[in-house]
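Asker: Quick one: the structure is below, questions incoming.
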Amino acid sequence: MKQLDDIQLLEAIERYLAGEMSASEAAQFETIRKQTPEIDQMVVEHDMFLLEMGNYANRKNFSKLSTETFNNLYNAGEWAPIDEQTTKFKVIQLWTKYKKVTAIAATVGGFIALFTSTLVMYFSPSLNGSQVLQLSKAIEVIKKNQQVQGHILNEVKTKLPENAKLLSGGSGFLIDTKGYIITNAHVLKGNGAIVINSLGQELNATIVYADKSVDLALLKIIDSDFNQPKSIPYSIRKKATELGEEIYTLGYPRNDNDIVYGKGYLSAQSGFEGDSNAYQIQISANPGYSGAPIFNNNAEIIGIINTRQKQAEGVAFAIKSSKIFDLIEAAQNEQSNEKAVHIAKSMSTSKSSDRKKQIGEMKNFIFNIRSYN
Amino acid sequence: MTYLSINILKAEYNEIALLKGLANNDSKAVETLYKNHFSTIQHFIENNNGSFDDARDVFQEAMITLYEKVQSESFTLTCQIKTYLFSICKHLWLKRLQQMGKYSTPLSTQEESISVETDIEAFEKKDAAYAIMDRALNSLGEPCKSLLEGYYLNKKGMQELAAEFGYTNSDNAKNQKYKCLMRLKKLFFSQYNIGD
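So the protein lines, in turn, are chains A and B.
With numbering that gives the first Met the number 0 applied, the first sequence covers 0 to 372.
With numbering that gives the first Met the number 0 applied, the second sequence covers 0 to 195.
Structure follows, in structure tokens:
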């Protein structure tokens, strides 16, 4: 009986909002509405809902019309791509099929409480916060299924435990075929971590060791789904790198799981305020690039992106790659079972000078990292 | 002189007619807009690090922006359709390039453009709500999704829906629709916040 009343009430609200009531009926309804705050609230809410539903229906129907019109004209030969070969892109993953959802991230002015992750620049007080930005992604995510905007990942079953709260994210890269990954310590704000490869596959990982003073951390993939690669197509440089050397990076600055390529050069041998553990680099670094490897043209990792200078666009800092060796040593001293880490020191298979080919090989070894509690 | 001014008037008249057609989902108007303006955008995007597919997607968004703009009662045409569509596409594309980590690329173009910030904002707000509604509807499952789409998107009556979904009478259909609607609203409002 109760539900029947509710159904009738909703029907009445819909008729009222649609202006389908007679004048006397509407007047009666308005009286009830004034006297009953609950009903008033329902009317307001339903009005809002119908407005959004109307907008939704309009856009959906129009998009369909627009797409059909385009396809008809395209099939009739109205247009063709100018020249399929002129691909001078510097980005690996172009939006072959632009996903509408990405626009959500750009929504202005808090009108919507974002239900998916949001890129937020993270200020670290310990790092002279007003001048330097750490580049991790602060993720405002409540539920485990919603960690990524792209449809791709939502359809994949997540490996996050029930009720896990995502706290932060960034990039990381494999240094040992057994599944050891290097990232920034500040990327890992939670106790647990999952890593996602460029194909969108999620893998469980544990935090083996983290050193906040150098902002580096070692993760290990612990997942039966992990296919151990035979070798790693890059090596890690122990020596310093020359000023002006051309560099590039691969990371996951975006809200979806598309890996992004960025290019730049080494601009100083020291980091922020003369930090000798770091390089200054000229690259457009966005939040999410934290932990991303920096390669030179010989496919050697020379550093790990961690911060960028706030005032100067394009100025970022990277931890020197030699610090990776120090970190491994420290991890091994502390935990005897990590003795087995074999960093890819020597040049391995890829010395190809073809950048596209290099990237094609490397991207499978670079992971999108998410940390949760 | 006279001849020229008549031509201008005619052009304006055509544009207004076209926009009215667009507001009413007239497929002829949509086709004309594609025929007249897509190739400009295609050239612009393909000359600025984009592909044909990028051009298609960006232009589609510009069309939606214009469509939603002409639907509002306060809509006024302050520039040519060509300029408007180009401005939106340019803005969207620049933004996309920046998101892809390609800052400071001065876009090469000779086309005239106007400021379209507010329209883009309006588009994006709607886009966010659209995504929430889409997600909510898609997580409902059947028959809820089709039932509610039939009612709210395709404006079918309860009797028609009852027949279509095999309910013995329209009261049963109403009952079902009510349950589905409650679930949808719950899903929708859990992600959608008013104000603030």
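Glycine residues also receive a C-beta, built at the ideal position from the N, C-alpha and C atoms.
All values derive from a computational prediction rather than experimental measurement.
Hey, is E51 of chain A's beta-carbon within less than 7 Å of any beta-carbon in chain B?
Answerer: Yes, E51 of chain A lies at the interface with chain B (some Cβ there is under 7 Å from its Cβ).
Asker: List the residues of chain B that V259 of chain A touches, going by C-beta distances under 7 Å, in chain order.
Answerer: In chain order: M99, G100.
Asker: Can you list the alpha helix (DSSP H) stretches of 4 or more residues lying completely in the segment 118–162 of chain B, in chain order?
Answerer: As far as the segment 118–162 of chain B is concerned, its whole alpha helix (DSSP H) runs of at least 4 residues are 143–147.
Asker: Between which two residues does the beta strand (DSSP E) harbouring R369 of chain A extend?
Answerer: R369 of chain A -> beta strand (DSSP E) spans 365–371.
Asker: Between which two residues does the alpha helix (DSSP H) holding L32 of chain B run?
Answerer: Note, L32 of chain B: alpha helix (DSSP H), 26–45.
Asker: Assuming K322 of chain A and V207 of chain A form a contact by the criterion Cβ under 8 Å, report the distance between their Cβ atoms to the nearest whole angstrom.
Answerer: That pair is no contact at about 16 Å.
Asker: Show which residues of chain A have a CB atom less than 7 Å away from the CB atom of F43 of chain B.
Answerer: By Cβ distance, chain A contributes nothing, its closest Cβ being about 11 Å from F43 of chain B, past 7 Å.
Asker: Looking at C-alpha atoms only, which residue of A:E272, A:K237, A:T182 is the closest neighbour of S370 of chain A?
Answerer: Ranking A:E272, A:K237, A:T182 by Cα distance to S370 of chain A puts A:T182 first.
Asker: What's the C-alpha gap between G76 of chain A and G270 of chain A?
Answerer: In a straight line, the C-alpha of G76 of chain A is about 55 Å away from that of G270 of chain A.
Asker: For a test of the three-state rule: what should DSSP assign to D222 of chain A, helix, strand or coil?
Answerer: The answer is coil: DSSP assigns D222 of chain A none of H, G, I, E or B.
Asker: If I measure Cβ to Cβ from R14 of chain A and keep anything under 8 Å in the same chain, skipping five residues before and after, which residues do I get?
Answerer: Cβ within range, chain order: M20.
Asker: Count the CB pairs spanning the segment 171–185 of chain B and the segment 138–149 of chain B that are closer than 8 Å, and state whether there are at least three.
Answerer: As far as the Cβ criterion goes, the segment 171–185 of chain B touches the segment 138–149 of chain B, which means the pair count is three or higher.
Asker: Taking DSSP as the reference, what is the three-state secondary structure of V213 of chain A?
Answerer: Reduced to three states, the DSSP call for V213 of chain A is coil.
Asker: Give a yes or no on whether the minimum CB-CB distance between V29 of chain B and chain A is below 7 Å.
Answerer: So, interface residue.
Asker: Please confirm if K185 of chain B has its CB atom under 7 Å from at least one CB of chain A.
Answerer: No, its Cβ sits nowhere closer than 7 Å to a Cβ of chain A.
Asker: Quick check: is the beta carbon of S283 of chain A nearer than 7 Å to any beta carbon in chain B?
Answerer: Yes, S283 of chain A lies at the interface with chain B (some Cβ there is under 7 Å from its Cβ).
Asker: Taking only beta-carbon atoms, is S289 of chain A less than 7 Å away from chain B?
Answerer: No, its Cβ sits nowhere closer than 7 Å to a Cβ of chain B.
Asker: Quick one: give me the first and last residue of the beta strand (DSSP E) that K81 of chain B is part of.
Answerer: Element bounds for K81 of chain B: not the beta strand (DSSP E) but the alpha helix (DSSP H), 80–98.
Asker: Who are the Cβ neighbours of G149 of chain B in its own chain at under 6 Å, not counting the five residues just before and after it?
Answerer: K155, L160.
Asker: Would you call N372 of chain A buried or exposed, if buried means 16 or more other Cβ atoms sit within 10 Å of its Cβ?
Answerer: Classification of N372 of chain A: exposed, given that the 10 Å Cβ count is below 16.
Asker: Using a Cβ cut-off of 7 Å, pull out every chain B residue sitting near I6 of chain A, in sequence order please.
Answerer: Residues of chain B passing the Cβ test: K173, N174, Y177.
Asker: In chain order, what residues of the same chain lie with their CB nearer than 6 Å to the CB of E14 of chain B, ignoring the 5 residues before and after it?
Answerer: So the qualifying residues of the chain are I80.
Asker: Determine the direct distance from the alpha carbon of G359 of chain A to that of L186 of chain B, and round the result to whole angstroms.
Answerer: Straight-line Cα distance between these residues: approximately 40 Å.
Asker: Taking 7 Å as the CB-CB cut-off, is M157 of chain B touching chain A?
Answerer: So, not an interface residue.
Asker: Please find out if some non-hydrogen atom of the ligand FMN comes closer than 6 Å to the beta-carbon of L159 of chain A.
Answerer: Only the bare structure without any ligand can be found here, which leaves the ligand FMN out of the picture.
Asker: Which of helix, strand or coil does DSSP assign to Y15 of chain A?
Answerer: Looking at Y15 of chain A - three-state DSSP - the assignment turns out to be helix.
Asker: Thinking just about the alpha-carbon of each residue, which of A:Q227, A:A291, A:F316 is nearest to the one in S275 of chain A?
Answerer: S275 of chain A has its Cα closest to that of A:F316, out of A:Q227, A:A291, A:F316.
Asker: Spatial neighbours of G243 of chain A within its chain, please: C-beta separation below 7 Å, excluding the five flanking residues on both sides.
Answerer: The residues are Y264, L265.
Asker: Rounded to whole angstroms, how far is the Cβ of N305 of chain A from the Cβ of S289 of chain A, which I believe are closer than 8 Å?
Answerer: About 6 Å; that satisfies the 8 Å criterion.
Asker: What residues in its chain sit with their C-beta under 8 Å from that of I31 of chain A, if we drop five residues either side in the sequence?
Answerer: Result list for I31 of chain A: I38, in chain order.
Asker: Exposed or buried, A239 of chain A, counting other C-beta atoms within 10 Å across all chains shown (16 or more means buried)?
Answerer: Flag for A239 of chain A reads exposed.
Asker: Is DSSP giving V314 of chain A helix, strand or coil here?
Answerer: Correct three-state label for V314 of chain A: strand.
Asker: Is the separation between the beta-carbon of I199 of chain A and that of N256 of chain A shorter than 7 Å?
Answerer: One point to set straight first is that residue 199 of chain A is Gly, not Ile, in the sequence displayed. It is a contact, given that the beta carbons lie within the stated cut-off.
Asker: On a Cα-Cα basis, can you pick out the residue from A:F69, A:N196, A:E245 that is closest to A267 of chain A?
Answerer: Answer by Cα proximity: A:E245.
Asker: If the cut-off is 9 Å on Cβ atoms, which residues from the segment 64–79 of chain A count as contacting chain B, listed in chain order?
Answerer: Listed in sequence order: L64, S65, T66, E67, T68, F69, N71, L72, Y73, E77, W78, A79.
Asker: In chain A, what lies closer than 9 Å to Y152 of chain B by C-beta?
Answerer: The identity of residue 152 of chain B in the sequence shown is Leu, whereas the question assumes Tyr. The contacting residues are M52, Y55, A56, K59, N60.
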